[in-house]
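Asks: Here you go, one structure.
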Amino acid sequence: MQRASVPYFLILPSFLLTAAIILWPLKEIVSLSLHDVNRFGMLKDFIGLEHYRSLFANPDFIAATWRTLFWTAAVVIGTLIVSVPIALILNEDFYGRGIARILIMLPWAISLTMTAIVWRWALNGESGMLNSALRDLGIIDTNIQWLAEASTAFPMQILIGILVSVPFTVTIFLGGLSSVPEDLYEAAATEGAGRWDQFRLITLPLLKPFINIAFVLNTIYVFNSFPIIWATTQGGPANSTDILVTYLYKTAFRMGRLGEAAAVSLIMFAILIVFTILYVRLAMREEKQ
Amino acid sequence: MSKKLKRSLLFWLFLSPIVVVILFPYAVMAISSLKSATEVLNPTWWPEELHWQNFPEMWRTSGIAPALVNSLYVSGMSTALTILVSIPAAYALSRYQFAGRNAFRQFLLISQMLSPIVLVIGLFRLVAGAGMIDSLNVLVIIYTAFNIAFCVWMLQSYFSTIPRDLEEAAWMEGASRTRTLFTVFLPLAVPAMVVTAIFTFINAWNEFVIALTMLRTEGSYTLPIRVFSLVAGRYTVDWHYVMAAAFVASVPVAILFAWLQRYLVRGLSIGAVK
Amino acid sequence: METAAYNKGNKPLMTISRKLGLVAGLSLLAFSGGAFADTVRVTIAEYSKGTGPYFEEAAKAFEAANPDTKIQIEVVPWDSLQQKLTTDISAGANADLSIIGTRWLLDYVKEGIIAPLDENITPDFKARFIDTFLTPSVMDGKVYGLPIAASARAMYYNKDIFAKAGIDTPPATWADFKTSAEKIKALGTETYGFGLQGKEIETDVYFYYGLWANGGEIVKDGKSGLDSKAAIDTAKLYKSFIDGGLTQPGVTSYSREDVQNLFKQGKVATVITAPFLSGQIKTEAPNLNYGVAPIPAGPDGGKGTYGVTDSIVLFENSKNKEAAWKFLDFLFTTEQRTKFDKIEGFLPVNAEEAKDPYFADNADLKVFTSLLPDARFAPVIPGWEDIAQTTSGAIQKIYLGQGEIESTLKEAAAKINETLK
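The following block contains the structure:
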């Protein structure tokens with residue numbers, strides 16, 4: 001075997017493992033989405049794109065799609081805006097840095113489902129601890145029914161989404177920042193570059209690949225994120241906080257329409273692929289320039 | 290006031306809003322876990338009486354102890370395996386040019402895109418077909434597979450920041466490629482490995498849907514299944530126990546991070562070799 | 564692959580990846596456990612923290628009497644039950660026995676995956692049951708499941724709040740109820756007369772209480788009753804409670820458990836729910852002074868409560884049908900049923916069991932049992948969950964004031980009629 005084959009051997013185990021969990025299920029899902037299927041996944045007649053057609057004719061599905069895009073954009077961008085300054089601070093040397101790092105990391109230590117359940121509990125209108133805290137502090141005098149309507153529930157869900165995405169993002173950035181050699185800053189400082197210039201000229205370019213990782217992966221994870229919305233409102237009231245994943249879950253397991261659910265998941269898959277290809281293209285072009 | 294002290298105060302001031310929001314659910318959890326069964330439904334911030342016995346009671350009745358062991362095993366093994374598999378792949382991506390390099394990267398990314406909720410149906414058929422249901426080791430392999438994409442990508446980005454001349458210098462001195470990898474290259478990449486380790490560990494620690502689908506018997510249940518089953522659809526929920534359990538479940542992760550975060554330090558890399 | 568061809572410098576790396584492959588392969592092989600032929604697997608949905616321990620104990624007792632059979636109890640949270648069953652069944656890896664909601668039974672029976680039990684049911688065995696609870700599991704004259712859990716709904720009311728507002732008796736009709744709720748509102752203590760559920764499972768059922776009182780039906784002659792006059796009247800009635808501030812604010816954020824909790828805290832004066840609330844109150848709010856009353860009647864005396872059973876079913880693909888039946892037989896002995904229903908706070912399904920003083924002399928349970936003649940069980944129609952979803956969505960819109968009552972209900976009824984076809 002030639003030297004040229006070395007990289008292929010290096011990537012082989014990871015390729016095999018990933019392929020094993022993705023390719024077979026993908027094949028299954030595609031075939032589910034093209035057949036009339038009973039509620040236990042038994043294929044009946046081949047019906048082509050019928051599931052897709054009925055989905056696009058369904059206003060609840062269309063609404064959930066737009067809401068998903070908004071949800072993803074809001075959480076991902078919000079997370080980036082919050083995480084960059086936090087990572088920069090946590091990368092500096094100051095008293096209590098270790099503690100600060102652990103604190104920022106805490107939301108990650110509890111499973112998403114549990115976090116969402118605790119929030120649901122805290123957001124309860126009459127006996128939730130958020131209202132009780134806000135009342136004690138004199139900020140409000142009548143209870144806010146946070147989860148009763150989409151207009152208050154959805155912003156809270158986005159906030160929770162941001163909160164739980166921050167630890168992951170900050171950790172990536174901290175890893176990335178640790179690759180920036182100290183002497184670069186020293187050199188820049190001796191040449192009279194200010195803090196802002198140092199950030200713009202040294203930190204940001206070196207951090208860029210890590211921002212890309214965080215952006216792309218957060219987009220994928222948030223787009224597919226199920227527990228926050230499910231545990232707080234189950235997409236309700238009257239589907240007004242449904243995103244595609246919660247819609248998918250209801251379609252698959254409540255209504256038992258597995259074929260339609262498979263179609264939803266492939267549409268979601270397609271949206272993500274298109275997005276990522278576009279983004280990776282853009283990011284790469286910039287890198288080359 | 291020293292410069293560092295001033296800086297510290299400023300930073301803490303800046304961090305305080307987010308810290309408050311982060312601590313809020315924790316405070317809710319901590320306080321609720323210490324309330325009595327009759328008080329836990331009331332939104333009081335100062336319990337009339339601290340019920341420390343909730344913790345031992347929860348420990349005894351919820352079967353959380355074996356679940357803790359299972360979760361530690363699954364998370365630890367997945368983390369080790371993921372890093373072991375990801376390092377060679379990331380090394381190949383950052384140090385070799387080869388046909389299909391970009392395709393492989395994109396394939397990894399695509400593997401993350403299918404919603405796990407549907408994926409799990411197909412995955413389960415695969416596992417059931419092979420007769421491997423109710424095995425923690427199957428979970429380890431699935432978790433590893435799911436985490437490879439992030440780890441390879443993260444490690445590769447980091448590896449690319451390590452200057453080639455460091456390795457080349459070592460080769461000149463007669464060290465083999467492998468030796469160089471272990472003595473020069475990987476020690477430089479510790480922060481990235483720490484990030485991937487944390488990521489994998491936590492994902493495995495908190496994963497619920499796949500675990501619930503693949504596992505069947507009490508003896509093999511992981512922590513999220515135990516904690517979640519305390520709340521999911523029971524006619525009544527012992528919130529004080531739930532909160533205590535959630536609290537206990539988060540402790541190992543906090544310890545892990547407390548231990549690992551010190552390796553996330555700037556300049557550790559290059560300075561160490563000079 | 565030939566090791567000899569490897570470039571020397573890369574050798575250890577190759578070894579690592581090969582070892583990895585080996586480790587992965589080995590662990591896949593070594594840990595592939597399979598079920599034994601004489602093992603009966605039982606999927607159990609978890610009602611409370613007592614469910615798992617009860618079934619483990621029952622399994623042990625059964626195994627002691629039948630040493631050649633092993634019972635494997637697999638406890639699943641209710642919220643994940645449908646998902647678990649779907650994945651299990653679709654992979655052919657389902658258990659032998661499982662608890663399911665009787666309202667889903669028709670969907671399962673239609674797919675031919677559930678085995679009828681008639682072969683094994685002797686007249687003696689059948690005589691153990693109270694008929695009302697066995698009937699819902701009978702389809703096309705065949706028994707497809709046994710009622711593992713049964714309950715009905717009645718109105719819990721807070722006696723202290725009622726007394727403070729100067730009311731002596733629980734409301735007999737919805738008109739009375741409204742007057743009472745207004746009196747309670749007049750107390751001005753952030754206490755609400757009508758604890759109204761508007762979120763998640765059984766939101767639709769909470770609406771049906773009024774619907775039945777007004778003489779309506781969920782499904783009549785194969786058509787949805789949601790666009791009937793009774794339904795419209797009920798929606799108007801409930802909406803008037805909401806608009807009048809007689810319910811807790813933000814009803815669409817309160818699930819059944821949330822409303823029960825408000826009741827335990829004395830924040831709502833009434834809640835319509837199942838008998839298990841009595842047991843919860845005993846441990847969580849022991850000082851609550853409450854009573855149980857029938858659900859208020861309509862203007863023409865119409866009334867109705869919701870009767871629910873969950874069935875334990877035997878799957879068609881089970882390889883241990885005989886042993887599984889034996890275990891069922893054991894679970895439905897008077898002794899086992901009594902134990903289970905005491906732990907969970909359900910109604911007795913066994914006629915012998917009902918004579919146990921624990922049930923016979925319990926004041927709360929007596930009310931529930933007295934309502935059984937008027938109990939409606941989920942109608943035997945396909946797509947129950949679909950219909951529940953549509954109904955709940957429409958009602959939530961009305962509660963929120965986002966939809967005009969008549970058109971919203973008509974639209975929902977049309978959608979349900981599609982499902983019923």
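Protein chains in written order, with this note's numbering: chain A, 1 to 289; chain B, 290 to 563; chain C, 564 to 984.
For every residue, glycine included, the Cβ atom is placed at its ideal position computed from N, Cα and C.
1) Since residue 210 of chain A meets chain C, which of its residues come closer than 8 Å, beta carbon to beta carbon?
2) Based on the DSSP output, what are the partners of residue 640 of chain C in its beta bridges?
3) List, in chain order, every chain A residue whose beta-carbon is nearer than 7 Å to that of residue 652 of chain C.
4) Report all residues from its chain with a CB closer than 6 Å to the CB of residue 246 of chain A; omit the five preceding and five following residues, and keep chain order.
5) In whole angstroms, what is the alpha-carbon distance linking residue 233 of chain A and residue 243 of chain A?
6) Taking the CB atoms as reference points, tell me whether residue 415 of chain B and residue 24 of chain A lie closer together than 9 Å.
7) I need the boundaries of the beta strand (DSSP E) containing residue 721 of chain C, first residue and last residue.
8) Along chain B, in chain order, which residues have C-beta atoms closer than 8 Å to that of residue 721 of chain C?
9) Three or more C-beta pairs under 8 Å: does that hold for the region 533-546 of chain B against the region 84-98 of chain A?
10) Would you please state the rounded distance, in angstroms, between the beta carbons of residue 262 of chain A and residue 407 of chain B? I believe it to be under 8 Å.
11) Along the chain, where does the beta strand (DSSP E) containing residue 853 of chain C start, and where does it finish?
12) Quick one: does residue 375 of chain B have its CB under 9 Å from some CB of chain A?
13) If you follow the alpha helix (DSSP H) that residue 949 of chain C is in, where does it begin and where does it stop?
14) Kindly indicate if chain C contains any beta-carbon less than 9 Å away from that of residue 18 of chain A.
15) Does residue 913 of chain C come out as helix, strand or coil in the three-state DSSP assignment?
16) Checking 9 Å against the spacing of the C-beta atoms, do residue 549 of chain B and residue 103 of chain A come in under that value?
17) Can you find at least 3 beta carbon pairs, one from the region 103-116 of chain A and one from the region 329-337 of chain B, that sit closer than 8 Å?
18) If you measure beta-carbon to beta-carbon, which residues of the region 93-113 of chain A are closer than 8 Å to chain B?
19) For the beta strand (DSSP E) holding residue 836 of chain C, just list the boundary residues, first then last.
20) Can you list the residues of chain A that residue 434 of chain B reaches, using a CB-CB cut of under 7 Å?
21) Looking at the C-beta of residue 553 of chain B, does it have a partner C-beta in chain A at a distance below 9 Å?
22) Any beta carbon from chain B within less than 9 Å of residue 248 of chain A's own beta carbon?
23) What are the boundary residues of the beta strand (DSSP E) that includes residue 51 of chain A?
24) Just checking: is the beta-carbon of residue 132 of chain A within a distance shorter than 9 Å of some beta-carbon in chain C?
25) Can residue 21 of chain A and residue 431 of chain B be called in contact, C-beta distance under 9 Å?
26) Applying a beta-carbon distance threshold of less than 8 Å, which residues of chain B neighbour residue 641 of chain C?
27) Suppose you measure from the CA of residue 86 of chain A to the CA of residue 396 of chain B; what does that come to, to the nearest Å?
28) With DSSP as the reference, please indicate the residues paired to residue 986 of chain C in a beta bridge.
29) Where does the unbroken beta strand (DSSP E) through residue 939 of chain C begin, and where does it stop?
30) Tell me where the beta strand (DSSP E) around residue 35 of chain A begins and ends.
31) Under 9 Å between C-beta atoms, does residue 611 of chain C make it to chain B?
32) Would you kindly work out how many angstroms separate the C-alpha atoms of residue 388 of chain B and residue 382 of chain B, rounded to a whole number?
33) How about residue 609 of chain C and residue 523 of chain B: are their beta carbons less than 9 Å apart?
34) Less than 9 Å between the C-beta atoms of residue 798 of chain C and residue 866 of chain C, yes or no?
35) In terms of alpha-carbon separation, which member of A:46, A:71, A:9 lies closest to residue 224 of chain A?
36) Let me know if residue 121 of chain A comes out buried or exposed under the rule of 16 or more other beta-carbons within 10 Å of its beta-carbon.
Replies: Taking the definition as stated:
1) Looking up residue 210 of chain A in the first sequence gives position 210. Contact note: residue 210 of chain A does not reach chain C at a C-beta cutoff of 8 Å; the least C-beta distance is about 26 Å.
2) Here residue 640 of chain C is taken as the residue at index 77 of the third sequence, counted from 1. Residue pairing by DSSP places residue 640 of chain C opposite C:609 in a beta bridge.
3) As a first step, residue 652 of chain C is located in the third sequence; it is residue number 89 there, counting from the start. Neighbours of residue 652 of chain C on chain A, chain order: 40.
4) For the purposes of this step, residue 246 of chain A is identified with residue 246 of the first sequence, where counting begins at 1. Exclusion of the five residues before and after residue 246 of chain A leaves 229, 230, 235 as the residues of its chain whose Cβ lies within less than 6 Å of its Cβ.
5) By one-based count along the first sequence, residue 233 of chain A stands at place 233. By one-based count along the first sequence, residue 243 of chain A stands at place 243. Their backbone Cα atoms lie some 11 Å apart in a straight line.
6) Counting from one through the second sequence, the residue named residue 415 of chain B turns up at place 126. Counting from one through the first sequence, the residue named residue 24 of chain A turns up at place 24. Taking 9 Å as the cut-off, the beta carbon of residue 415 of chain B is found closer than this to the beta carbon of residue 24 of chain A.
7) Locating residue 721 of chain C in the third sequence gives position 158, where the first residue counts as 1. Residue 721 of chain C: member of the beta strand (DSSP E) spanning 717-721, first to last residue.
8) As a position in the third sequence, residue 721 of chain C is number 158, starting the count at 1. Neighbours of residue 721 of chain C on chain B: none; closest Cβ ~15 Å, over 8 Å.
9) Two segments are said to touch when three or more pairs of C-beta atoms, one from each, lie closer than 8 Å; by this definition the region 533-546 of chain B does not touch the region 84-98 of chain A.
10) The residue labelled residue 262 of chain A in the question sits at position 262 within the first sequence. The residue labelled residue 407 of chain B in the question sits at position 118 within the second sequence. Right, the Cβ-Cβ distance comes to about 6 Å (below 8 Å), so this counts as a contact.
11) Position 290 of the third sequence holds residue 853 of chain C. Here the beta strand (DSSP E) through residue 853 of chain C covers 853-856.
12) Taking the first residue of the second sequence as 1, we reach residue 375 of chain B at position 86. True, the Cβ-Cβ gap to chain A drops below 9 Å.
13) For this step, residue 949 of chain C is matched to residue 386 along the third sequence. Residues 947-963.
14) Sequence index remark: in the first sequence, residue 18 of chain A carries index 18 (1-based). Not one chain C Cβ lies under 9 Å of residue 18 of chain A.
15) Counting from 1 along the third sequence, the entry for residue 913 of chain C is found at position 350. It is a strand residue.
16) For this step, residue 549 of chain B is matched to residue 260 along the second sequence. For this step, residue 103 of chain A is matched to residue 103 along the first sequence. Not closer than 9 Å, so no.
17) Because the criterion of three Cβ pairs below 8 Å is not met, the region 103-116 of chain A and the region 329-337 of chain B do not touch.
18) Hits within the stretch, in order: 93, 94, 95, 96, 98, 100, 101, 102, 103, 104, 105, 106, 107, 108, 109, 110, 111, 112, 113.
19) Counted from its first residue, the third sequence places residue 836 of chain C at position 273. That run of the beta strand (DSSP E) goes 833-836.
20) Here residue 434 of chain B is taken as the residue at index 145 of the second sequence, counted from 1. Neighbours of residue 434 of chain B on chain A, chain order: 17, 18, 20, 21.
21) Taking the first residue of the second sequence as 1, we reach residue 553 of chain B at position 264. It does: the Cβ of residue 553 of chain B has a partner Cβ on chain A nearer than 9 Å.
22) Here residue 248 of chain A refers to the residue found at position 248 of the first sequence. The C-beta of residue 248 of chain A comes closer than 9 Å to at least one C-beta of chain B.
23) Start at 1 with the first residue of the first sequence, and residue 51 of chain A comes out as number 51. Where residue 51 of chain A is concerned, there is no enclosing beta strand (DSSP E), although the alpha helix (DSSP H) it sits in stretches over 50-56.
24) As a working note, residue 132 of chain A is residue 132 in the first sequence. Not closer than 9 Å to any Cβ of chain C, the Cβ of residue 132 of chain A fails to qualify, so no.
25) Within the first sequence, numbered from 1, the residue matching residue 21 of chain A stands at position 21. Within the second sequence, numbered from 1, the residue matching residue 431 of chain B stands at position 142. Residue 431 of chain B is positioned such that its CB atom lies closer than 9 Å to that of residue 21 of chain A.
26) In the third sequence, counting from the first residue as 1, residue 641 of chain C sits at position 78. Under the 8 Å cutoff, chain B gives 521, 522, 523.
27) Position 86 of the first sequence, counted from the start, is the residue given in the question as residue 86 of chain A. Position 107 of the second sequence, counted from the start, is the residue given in the question as residue 396 of chain B. Across the structure, residue 86 of chain A and residue 396 of chain B are spaced so that their CA atoms are roughly 32 Å apart.
28) A query on residue 986 of chain C cannot be resolved here, the shown segment of chain C reaching from 564 to 984 and no further.
29) Numbered from 1 along the third sequence, position 376 holds the residue referred to as residue 939 of chain C. Note, residue 939 of chain C: beta strand (DSSP E), 938-940.
30) To locate residue 35 of chain A, count along the first sequence from 1; it is residue 35. Element bounds for residue 35 of chain A: 35-37.
31) As a position in the third sequence, residue 611 of chain C is number 48, starting the count at 1. Chain B, which has a Cβ nearer than 9 Å to the Cβ of residue 611 of chain C, makes this yes.
32) Start at 1 with the first residue of the second sequence, and residue 388 of chain B comes out as number 99. Start at 1 with the first residue of the second sequence, and residue 382 of chain B comes out as number 93. Counting only the Cα atoms, residue 382 of chain B lies some 11 Å from residue 388 of chain B.
33) As a working mapping, residue 609 of chain C is identified with position 46 in the third sequence. As a working mapping, residue 523 of chain B is identified with position 234 in the second sequence. For residue 609 of chain C and residue 523 of chain B, yes; Cβs fall inside 9 Å.
34) One-based indexing of the third sequence puts residue 798 of chain C at position 235. One-based indexing of the third sequence puts residue 866 of chain C at position 303. In this structure, residue 798 of chain C lies away from residue 866 of chain C, with their beta-carbon atoms at least 9 Å apart.
35) Taking the first residue of the first sequence as 1, we reach residue 224 of chain A at position 224. Minimum Cα distance to residue 224 of chain A is reached at A:71.
36) Residue mapping note: residue 121 of chain A aligns to position 121 of the first sequence, counting from 1. So residue 121 of chain A ends up on the buried side.
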